[in-house]
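Chains as they are written, first to last, in the numbering used here: chain A, 287 to 632; chain B, 287 to 632.
Number of protein chains: 2
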Amino acid sequence: MDIRTIEWKNKSIKIINQTKLPLKLEYLYIKDLKTLWRAIKELKVRGAPALGAAAAWGVYLGIKDSKAKNFADFSKDLEKVAKYLASCRPTARNLFWGIERMCSIAVRNQQEPVSLIKKLLFKEAQKIIEEDRQTSRRIGRYGAKLIKDKDTILTICNAGILATIDYGTALGVIYKAKEEGKRLKVYACETRPLLQGARLTTWELKKKGIDVTLICDSMAATLMQQGKIGKVIAGADRIAANADTANKIGTYNLAVLSHYHKIPFYIAAPHSTFNLRIKTGKDIPIEERNSKEVTGLFFKRPITGRNIKVFNPAFDITPQHLITAIITDKGIIRPPFIKNIVKILK
Amino acid sequence: MDIRTIEWKNKSIKIINQTKLPLKLEYLYIKDLKTLWRAIKELKVRGAPALGAAAAWGVYLGIKDSKAKNFADFSKDLEKVAKYLASCRPTARNLFWGIERMCSIAVRNQQEPVSLIKKLLFKEAQKIIEEDRQTSRRIGRYGAKLIKDKDTILTICNAGILATIDYGTALGVIYKAKEEGKRLKVYACETRPLLQGARLTTWELKKKGIDVTLICDSMAATLMQQGKIGKVIAGADRIAANADTANKIGTYNLAVLSHYHKIPFYIAAPHSTFNLRIKTGKDIPIEERNSKEVTGLFFKRPITGRNIKVFNPAFDITPQHLITAIITDKGIIRPPFIKNIVKILK
Numbered sequence: 287m288d289i290r291t292i293e294w295k296n297k298s299i300k301i302i303n304q305t306k307l308p309l310k311l312e313y314l315y316i317k318d319l320k321t322l323w324r325a326i327k328e329l330k331v332r333g334a335p336a337l338g339a340a341a342a343w344g345v346y347l348g349i350k351d352s353k354a355k356n357f358a359d360f361s362k363d364l365e366k367v368a369k370y371l372a373s374c375r376p377t378a379r380n381l382f383w384g385i386e387r388m389c390s391i392a393v394r395n396q397q398e399p400v401s402l403i404k405k406l407l408f409k410e411a412q413k414i415i416e417e418d419r420q421t422s423r424r425i426g427r428y429g430a431k432l433i434k435d436k437d438t439i440l441t442i443c444n445a446g447i448l449a450t451i452d453y454g455t456a457l458g459v460i461y462k463a464k465e466e467g468k469r470l471k472v473y474a475c476e477t478r479p480l481l482q483g484a485r486l487t488t489w490e491l492k493k494k495g496i497d498v499t500l501i502c503d504s505m506a507a508t509l510m511q512q513g514k515i516g517k518v519i520a521g522a523d524r525i526a527a528n529a530d531t532a533n534k535i536g537t538y539n540l541a542v543l544s545h546y547h548k549i550p551f552y553i554a555a556p557h558s559t560f561n562l563r564i565k566t567g568k569d570i571p572i573e574e575r576n577s578k579e580v581t582g583l584f585f586k587r588p589i590t591g592r593n594i595k596v597f598n599p600a601f602d603i604t605p606q607h608l609i610t611a612i613i614t615d616k617g618i619i620r621p622p623f624i625k626n627i628v629k630i631l632k
Numbered sequence: 287m288d289i290r291t292i293e294w295k296n297k298s299i300k301i302i303n304q305t306k307l308p309l310k311l312e313y314l315y316i317k318d319l320k321t322l323w324r325a326i327k328e329l330k331v332r333g334a335p336a337l338g339a340a341a342a343w344g345v346y347l348g349i350k351d352s353k354a355k356n357f358a359d360f361s362k363d364l365e366k367v368a369k370y371l372a373s374c375r376p377t378a379r380n381l382f383w384g385i386e387r388m389c390s391i392a393v394r395n396q397q398e399p400v401s402l403i404k405k406l407l408f409k410e411a412q413k414i415i416e417e418d419r420q421t422s423r424r425i426g427r428y429g430a431k432l433i434k435d436k437d438t439i440l441t442i443c444n445a446g447i448l449a450t451i452d453y454g455t456a457l458g459v460i461y462k463a464k465e466e467g468k469r470l471k472v473y474a475c476e477t478r479p480l481l482q483g484a485r486l487t488t489w490e491l492k493k494k495g496i497d498v499t500l501i502c503d504s505m506a507a508t509l510m511q512q513g514k515i516g517k518v519i520a521g522a523d524r525i526a527a528n529a530d531t532a533n534k535i536g537t538y539n540l541a542v543l544s545h546y547h548k549i550p551f552y553i554a555a556p557h558s559t560f561n562l563r564i565k566t567g568k569d570i571p572i573e574e575r576n577s578k579e580v581t582g583l584f585f586k587r588p589i590t591g592r593n594i595k596v597f598n599p600a601f602d603i604t605p606q607h608l609i610t611a612i613i614t615d616k617g618i619i620r621p622p623f624i625k626n627i628v629k630i631l632k
């Protein structure tokens with residue numbers, strides 16, 4: 287399977303429309319910033335690392351036709367684009383990381399002509415894509431060491447090919463373990479409300495020949511009670527300096543269950559997901575999304591009556607003491623986290 | 287709101303078709319046993335106490351046209367009906383309780399003419415209905431003592447009017463507390479896969495004027511982390527002699543979360559839900575249901591690809607050490623459960 291979640295093609299950002307999966311593999315060619323903004327908001331492209339790449343291409347898309355003749359003017363255009371993109375989704379760190387990295391390339395080359403800065407920005411976005419491919423594979427290599435033959439792994443949401451460029455973080459660990467010849471069984475939480483586990487994770491794991499069983503989110507506890515889960519591996523949208531981790535709603539639930547059942551609980555994420563200026567999870571902004579995601583069962587006919595109040599946070603915070611280790615592209619980080627995060631990421 | 291989940295009308299069992307709620311309040315008039323069997327299987331009528339009543343009327347429906355002239359023949363017909371009804375759903379204790387109670391009426395009156403036995407069975411079913419109404423209200427009275435003004439209660443599935451005749455067990459406690467003038471806030475877990483919380487609990491709580499907020503099952507942990515849940519109250523499908531409790535899948539998850547967050551976790555159920563011959567939860571049979579309930583999002587278009595493996599247990603077992611107390615129609619049972627269950631239920 288040679289699938290790329292996001293790439294530059296025909297003067298546009300080519301993405302898989304993930305809201306159509308698994309029933310249809312549809313590609314979108316995005317030629318303007320507003321369409322990209324909507325695509326990110328509507329989760330046509332999603333997953334923290336993929337959002338880093340989407341943001342980078344988004345910055346390029348936003349400034350490539352800038353009419354600025356000097357850096358001062360160009361900088362104003364760039365800032366507008368950056369601000370607009372950053373307003374799209376508040377939690378995923380990689381989105382901001384991608385924007386910041388692009389902006390710093392411009393600033394570092396401000397003495398160059400605008401036309402060259404544009405070219406450098408194009409190259410930087412390509413570099414981010416290529417780095418993500420390597421990063422995922424490095425996470426896979428480190429993480430696979432934790433996986434035993436005949437292991438059973440529980441995961442939530444989608445931290446795979448579709449959340450990165452072409453390999454994955456949590457699922458990258460699984461792919462690498464499989465490449466090493468280990469026999470695995472994976473349980474995928476469906477991940478309400480938007481069912482990324484049911485729609486995306488089962489789709490890509492099956493394509494990769496991994497034995498996957500789908501469960502509703504509320505069934506994980508029973509599997510653990512029955513001794514059927516060897517470890518939990520989840521992705522991350524943002525990790526604070528103390529290792530508190532924001533990830534898809536339901537992750538904290540799994541962390542508490544793992545703690546109670548004495549099951550190792552791992553986070554897998556690239557270094558770009560860390561936000562060391564944020565000390566703890568308390569300061570990570572949590573996106574609350576439209577109530578219709580809950581009352582309308584994935585944008586279809588209503589399932590509740592009208593005007594039912596809904597609480598719909600897209601993410602939750604798993605406190606660091608519930609995390610066994612964080613699998614990164616620079617190595618596996620174990621407690622004490624505050625010390626070891628700095629040591630390994632430096 | 288004067289709603290009855292199940293009653294005898296026009297020579298048929300009149301039920302609310304709960305699969306149509308909340309979009310449509312449709313009544314079904316069931317005139318034969320096979321239709322009732324299917325209605326129970328497809329959850330058109332559901333909820334442990336309501337199933338006790340449905341089973342009782344089912345027995346009557348099954349034997350009312352028996353051509354038996356003596357008890358020996360009648361008994362064979364009755365046994366066939368009982369066996370058929372008992373094959374419908376394996377977990378809910380009340381289904382068997384209803385059947386057994388009807389059968390014992392027949393046995394106790396075996397010297398009477400068959401026509402009279404039929405009449406006595408009709409009366410017994412009516413009595414079960416009337417008793418359930420009182421039982422729910424007694425549970426409500428005992429349970430309401432545990433509720434404080436401005437309390438916030440989390441519940442799962444539907445243990446309300448629609449799970450009983452007209453009041454509820456877990457929700458009965460909430461109705462009674464509200465009648466006593468207490469201000470309450472309720473969070474309802476949507477309860478995947480069949481969404482009884484989203485469809486039924488929000489519907490009846492709203493009709494009763496209770497402040498209810500719907501969440502996905504995976505969001506309960508976050509609410510508890512934020513200190514927003516005062517207590518959890520769930521119903522039960524079967525309770526073993528040691529208080530291990532089978533209830534809707536996801537209940538055990540909430541029990542573990544409550545334990546971790548030091549939140550009281552209550553079960554509310556009538557005495558007919560107890561099965562004292564079963565020592566622990568290990569011996570409670572758990573119904574596993576069709577995988578399409580998970581892959582097809584409540585019987586609509588598929589959300590996963592084809593042939594995705596699914597684990598779909600309808601219930602889970604909450605071990606007794608995670609239960610703060612059981613609210614019954616005979617009083618509140620607290621640990622040590624083995625001793626106190628016998629003492630209070632006797």
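Even glycine gets a Cβ: it sits at the ideal position worked out from N, Cα and C.
For a quick check, are the C-beta atoms of residue i and residue j less than 8 Å apart?
| i | j | result |
| --- | --- | --- |
| L448(A) | L491(A) | no |
| T488(A) | I549(B) | no |
| A529(B) | Q606(B) | yes |
| Q511(B) | H547(B) | yes |
| P571(B) | P376(B) | yes |
| A339(B) | L322(B) | no |
| K534(A) | I442(A) | yes |
| I385(B) | L406(B) | no |
| L500(A) | A527(A) | no |
| T559(A) | R524(A) | yes |
| D497(B) | V472(B) | yes |
| M388(A) | A411(A) | yes |
| A456(A) | A445(A) | yes |
| I425(B) | A554(B) | yes |
| A325(A) | I301(A) | yes |
At 8 Å on the CB atoms, spell out the chain A contacts of residue i, in chain order.
| i | result |
| --- | --- |
| F597(B) | Y473, T499, L500, I501, M505, L509 |
| T488(B) | T590, G591, I594 |
| T581(B) | A484, L500 |
Strictly below 9 Å CB to CB, what residues from chain B border residue i?
| i | result |
| --- | --- |
| D602(A) | S504, M505, A507, T508, Q511 |
Out of the options, which has the shortest C-alpha to C-alpha gap to residue i?
| i | options | result |
| --- | --- | --- |
| L544(B) | A334(B), D569(B), S422(B), I515(B) | The sequence shown places Ser at residue 544(B), not Leu. The residue with the shortest Cα to Cα distance from S544(B) is I515(B). |
| I414(A) | P335(A), T441(A), I349(A), T604(A) | P335(A) |
| D351(B) | S298(B), I619(B), T438(B) | S298(B) |
| G536(B) | P556(B), Y313(B), T604(B) | T604(B) |
| P599(A) | D503(B), N380(B), G617(B) | D503(B) |
| V580(B) | A484(A), A340(A), A392(A), T321(A) | A484(A) |
| N539(B) | A527(B), V518(B), K369(B) | V518(B) |
| F408(B) | W294(B), D615(B), A541(B) | W294(B) |
| G567(B) | T508(A), P621(A), I316(A) | T508(A) |
| I289(A) | N296(A), L631(A), E312(A) | E312(A) |
| L309(B) | I589(A), L440(A), K355(A), E573(A) | I589(A) |
| G348(B) | D418(B), L562(B), E465(B), L319(B) | L319(B) |
| Y428(A) | R332(A), I630(A), I613(A) | I613(A) |
Quick one: is residue i near chain B, going by C-beta distance under 8 Å?
| i | result |
| --- | --- |
| L440(A) | no |
| L274(A) | Outside the displayed range of chain A (287 to 632) lies residue 274(A), so it cannot be described from this structure. |
| L364(A) | no |
| V518(A) | no |
| K492(A) | yes |
Under a CB-based cut-off of 8 Å, is residue i close to chain A?
| i | result |
| --- | --- |
| E367(B) | According to the sequence displayed, residue 367(B) carries Val and not Glu. So, not an interface residue. |
| K548(B) | no |
| L470(B) | no |
Closer than 7 Å by beta-carbon distance: list the chain A residues that pair up with residue i, in chain order.
| i | result |
| --- | --- |
| R485(B) | I589, T590 |
What does residue i reach in chain B if we use C-beta pairs closer than 8 Å?
| i | result |
| --- | --- |
| P479(A) | C502 |
| E476(A) | R478, V580 |
**Request:** Could you name the residues of the region 304-315 of chain B whose beta carbon sits closer than 8 Å to any beta carbon of chain A, in the order they occur along the chain?
**Result:** P308, L309
**Message:** If the cut-off is 9 Å on Cβ atoms, which residues from the region 531-562 of chain B count as contacting chain A, listed in chain order?
**Reply:** K534, I535, G536, T537, Y538, N539, L540, A541, V542, L543, H545, Y546, H547
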